[in-house]
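A quick write-up on the structure given underneath.
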Amino acid sequence: MQMKKSVQNLKVISNVKLNDDHHLLQLHTPDQLESIVPGQFANILADQSQSIFLRRPFSIHAIDYQKNIISILIKEVGEGTRSLAHTPVNSSLNVIFPLGNGFSLPSSKEKVLLVGGGCGIAPLLHLAQVLSKGANDIYILLGARSAVDLVELDQYAIYGKVFTTTEDGSHGEKGFVTDHSIFGNQLDSFSRIYCCGPEPMMKAVASKAKANSVSCEVSLENTMACGFGVCLCCVTETIQGHKCVCTDGPVFNINQLKWQI
Amino acid sequence: MADLSTIIHNIKLKNPVLTASGTFGYGVEFDDFFDVNLLGGFIVKGTTIHPRQGNSYPRMAETSAGMLNAVGLQNAGAQYFANEIYPKLTKYETNVLVNVSGSTVEEYVACAEIINELDHIAGIELNISCPNVKEGGMAFGTSCPSAAAVVSAVRKVYKKTMVVKLSPNVTDIAEIGKAAEGAGADSLSLINTVLGMAINAETRKPVLSTITGGLSGPAVKPIALRMVWQVSQAVKIPIIGLGGIMNATDAIEFFLAGASAIQVGTANFIDPLATVKIIDGIDSYLNRHKISAISELIGCLHL
Numbered sequence: 001m002q003m004k005k006s007v008q009n010l011k012v013i014s015n016v017k018l019n020d021d022h023h024l025l026q027l028h029t030p031d032q033l034e035s036i037v038p039g040q041f042a043n044i045l046a047d048q049s050q051s052i053f054l055r056r057p058f059s060i061h062a063i064d065y066q067k068n069i070i071s072i073l074i075k076e077v078g079e080g081t082r083s084l085a086h087t088p089v090n091s092s093l094n095v096i097f098p099l100g101n102g103f104s105l106p107s108s109k110e111k112v113l114l115v116g117g118g119c120g121i122a123p124l125l126h127l128a129q130v131l132s133k134g135a136n137d138i139y140i141l142l143g144a145r146s147a148v149d150l151v152e153l154d155q156y157a158i159y160g161k162v163f164t165t166t167e168d169g170s171h172g173e174k175g176f177v178t179d180h181s182i183f184g185n186q187l188d189s190f191s192r193i194y195c196c197g198p199e200p201m202m203k204a205v206a207s208k209a210k211a212n213s214v215s216c217e218v219s220l221e222n223t224m225a226c227g228f229g230v231c232l233c234c235v236t237e238t239i240q241g242h243k244c245v246c247t248d249g250p251v252f253n254i255n256q257l258k259w260q261i
Numbered sequence: 262m263a264d265l266s267t268i269i270h271n272i273k274l275k276n277p278v279l280t281a282s283g284t285f286g287y288g289v290e291f292d293d294f295f296d297v298n299l300l301g302g303f304i305v306k307g308t309t310i311h312p313r314q315g316n317s318y319p320r321m322a323e324t325s326a327g328m329l330n331a332v333g334l335q336n337a338g339a340q341y342f343a344n345e346i347y348p349k350l351t352k353y354e355t356n357v358l359v360n361v362s363g364s365t366v367e368e369y370v371a372c373a374e375i376i377n378e379l380d381h382i383a384g385i386e387l388n389i390s391c392p393n394v395k396e397g398g399m400a401f402g403t404s405c406p407s408a409a410a411v412v413s414a415v416r417k418v419y420k421k422t423m424v425v426k427l428s429p430n431v432t433d434i435a436e437i438g439k440a441a442e443g444a445g446a447d448s449l450s451l452i453n454t455v456l457g458m459a460i461n462a463e464t465r466k467p468v469l470s471t472i473t474g475g476l477s478g479p480a481v482k483p484i485a486l487r488m489v490w491q492v493s494q495a496v497k498i499p500i501i502g503l504g505g506i507m508n509a510t511d512a513i514e515f516f517l518a519g520a521s522a523i524q525v526g527t528a529n530f531i532d533p534l535a536t537v538k539i540i541d542g543i544d545s546y547l548n549r550h551k552i553s554a555i556s557e558l559i560g561c562l563h564l
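Sequences listed follow chains A and B, in order. Quick note: the first sequence uses this note's numbering, first residue 1, plus one each step. Quick note: the second sequence uses this note's numbering, first residue 262, plus one each step.
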């Protein structure tokens, strides 16, 4: 059964600095974790300050159901994420989770492509973790500005074949993720593409998926105030009108969106 | 346990804590978090006679101690509310009010007529103060004659408690309050959001798709307190205070300024349990000050 959303104070049991601006936080939940679908997210309260008022939403990066641990990958982009990234071990964070709907999963073995860019790679680890249990053939393509910005490649490699692109060519193929040779060569051999990252990147991936008639789901990151469907601030245009990214998404099939692709 | 009960016209509230329209969905969104029946009541999202898509994204900007929104009354329309949502609300034992809005007097009336047929709805909150719609909304709440016109027109068709929600974007809110009272309002709620704006200096663009939006959160609390105080001096009908209430102390300040009940709004986004904490905190305050009932606090500011 899917876990009900709740507000909890979770203890930070580890905080590892992965590079200049990425931190990996492990949060321990006192209760046994029920099923959380890859793509669901947590809305975390940062210490309030002059520029921090609202919670900050993060994809659930990985889960250890045996030890009741949730991992959150934080990229420092502003004051809120900076404050959360530097949360000391043994302190606690106030978290609302799990929120939103996750990626749809194949019912039988499939060949799938996961494409992530920037901090959009976060939900793809949990997704790969779950997909690997179904013995799927998993290809993971991760893009970043430079080799130093690519984090946790060894973790992704546990679950699938990892490919990379960097804008400066310092790791993997040079260019954006959509410049990768995987897109030039039998993209239709994949039955699904899952994608998360900056919107222009997701649109470029969606356009290639559409051209090759491959099913594609994207995870959107619209700014939101509540995260559970009451403020109606995070809407995206869909074929059924405005839908909340927090409760109707964050994962959408590209056919539902009104993207010009 | 002190006596937290309060009365807004014909509505008896077991405690003075309501939720602000547009911050509490249809109540059901909070079922996972806590028993919504613990509230004195809740006010569901702004409802209009015709379905509204609302404004384009982006609709929100975080600001110092607050946020701007420009949702623009997105809702599926009064008939959809009556047919599809209302049946889900009859399970609640606490008071449920519906926030009613429109672009013309006729639209307000038509919407109120539909809500009037719903037995389980304790009252309406007439929204003459939404800053995020092109027509109607706030325009009705910024002059005495137009406020009186829409209030008296709805009064003719709506039989139960009618609260009128006032805009702070006026020169003299007490005058608007008096006009609404004179036109048949049973209660006034204030304040709606304060018109504001956010700019991204890097892109040199406005943050909101609508350029301007409504400011809420602690940033507006001093304005709201001042206005509740001014209006409470000017009218005899009960006032429901709102604007930046984050905790019980904030709520107490509104009672002292003259509010008979309060609404918690933006705080619901940050802490979905804010309302229940506020109810407990009001009780603790009364016990600590050896006050037996909340009614003894209302308007009792020491001058």
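Using N, Cα and C, we set each Cβ at its ideal position, and we do this for glycine too.
Can you look up G80 of chain A in the DSSP assignment and give me helix, strand or coil?
helix
My assumption, with CB atoms under 8 angstroms, is that L456 of chain B sits in contact with K426 of chain B. Please give the rounded CB distance.
Incorrect: roughly 15 angstroms between the Cβ atoms, too far for contact.
Quick one: which chain A residues come within Cβ less than 8 angstroms of G315 of chain B?
L232, V235, H242
Taking the CB atoms as reference points, tell me whether C196 of chain A and G120 of chain A lie closer together than 8 angstroms.
yes
Every unbroken beta strand (DSSP E) within the segment 304–378 of chain B, with a cutoff of 3 residues, ordered by chain
321–324, 327–330, 356–361
By a C-beta neighbour count over all protein chains shown, 10 Å radius and 16 as the cutoff for buried, is P406 of chain B buried or exposed?
exposed
For G457 of chain B, the residue or residues it bridges with in DSSP
B:G474
From which residue to which residue does the alpha helix (DSSP H) around D541 of chain B run?
535–549
Just checking L113 of chain A against the ligand MN - is the residue's beta carbon closer than 7 angstroms to any of the ligand's heavy atoms?
Ligands are entirely absent from the displayed structure, and the ligand MN is therefore not among its contents.
What span of residues does the alpha helix (DSSP H) with K311 of chain A cover, start to end?
The structure shown has nothing for residue 311 of chain A, since chain A only spans 1 to 261.
Under the DSSP definition of a beta bridge, which residues are partnered with C196 of chain A?
A:G116, A:S219
If you drop the 5 nearest sequence neighbours on each side, which residues of the same chain put their C-beta closer than 6 angstroms to that of Y287 of chain B?
V305, I346
Alpha carbon of S104 of chain A to alpha carbon of N136 of chain A, nearest angstrom
14 angstroms
Give me the chain A residues within the contact set of M328 of chain B, using Cβ-Cβ distance strictly less than 7 angstroms, ordered along the chain.
F53, L54, A225
Check the Cβ of N529 of chain B against every Cβ in chain A and list those closer than 8 angstroms, keeping chain order.
C226, V230
Output yes if chain B places a C-beta closer than 8 angstroms to the C-beta of N90 of chain A; else output no.
no
Find the residues of chain A that neighbour Q335 of chain B, judging by a C-beta separation of less than 8 angstroms, and give them in chain order.
L232, V235, H242
For a contact defined as C-beta to C-beta under 8 angstroms, what are the partners of V7 of chain A on chain B?
F294, D532, P533, L534
Cβ of N101 of chain A within 8 angstroms of any chain B Cβ
no
For K270 of chain A, which of helix, strand or coil comes out of DSSP?
Absent from the structure is residue 270 of chain A, since the part of chain A shown begins at 1 and ends at 261.
Chain B beta carbons: is any one of them nearer than 8 angstroms to that of L45 of chain A?
yes
Counting only Cβ-Cβ distances shorter than 7 angstroms, please list the residues of the segment 279–291 of chain B near chain A, keeping chain order.
T284, F285, G286, E290
For I434 of chain B versus V394 of chain B, is the C-beta distance shorter than 8 angstroms?
no
Span separating the alpha-carbon of S428 of chain B from that of P392 of chain B
8 angstroms
Inter-residue spacing [alpha-carbon to alpha-carbon] between I272 of chain B and L142 of chain A
58 angstroms
Residues near A528 of chain B by beta carbon distance below 6 angstroms, same chain, minus five either side:
M507, A535
Per-residue contacts from K4 of chain A into chain B (C-beta, under 8 angstroms):
D293
For a test of the three-state rule: what should DSSP assign to S553 of chain B, helix, strand or coil?
coil
So, helix, strand or coil for D137 of chain A, using DSSP?
strand
When B:V289, B:G315, B:H311, B:I472 are compared against F303 of chain B, the one with the closest alpha-carbon:
B:V289
So I96 of chain A contacts chain B; which residues on that side make the cut at Cβ distance below 8 angstroms?
P533
Quick one: list the residues of chain B neighbouring N255 of chain A, beta-carbon separation under 9 angstroms, in chain order.
Chain B residues near N255 of chain A: none, gap ~19 angstroms exceeds 9 angstroms.
Per-residue burial, A263 of chain B [other beta carbons within 10 Å of its own, 16 or more giving buried]
buried
Of the listed residues A:A211, A:H180, A:A204, A:K203, nearest to D188 of chain A (C-alpha basis)
A:A211
Just to make sure I have the definition right: I need the residues of chain B whose C-beta is within less than 7 angstroms of the C-beta of Q50 of chain A. Which are they?
S325
Is it buried or exposed for A271 of chain A, if we count other Cβ within 10 angstroms and need 16 for buried?
Because chain A is modelled from 1 through 261, residue 271 of chain A falls outside the range shown and cannot be assessed.
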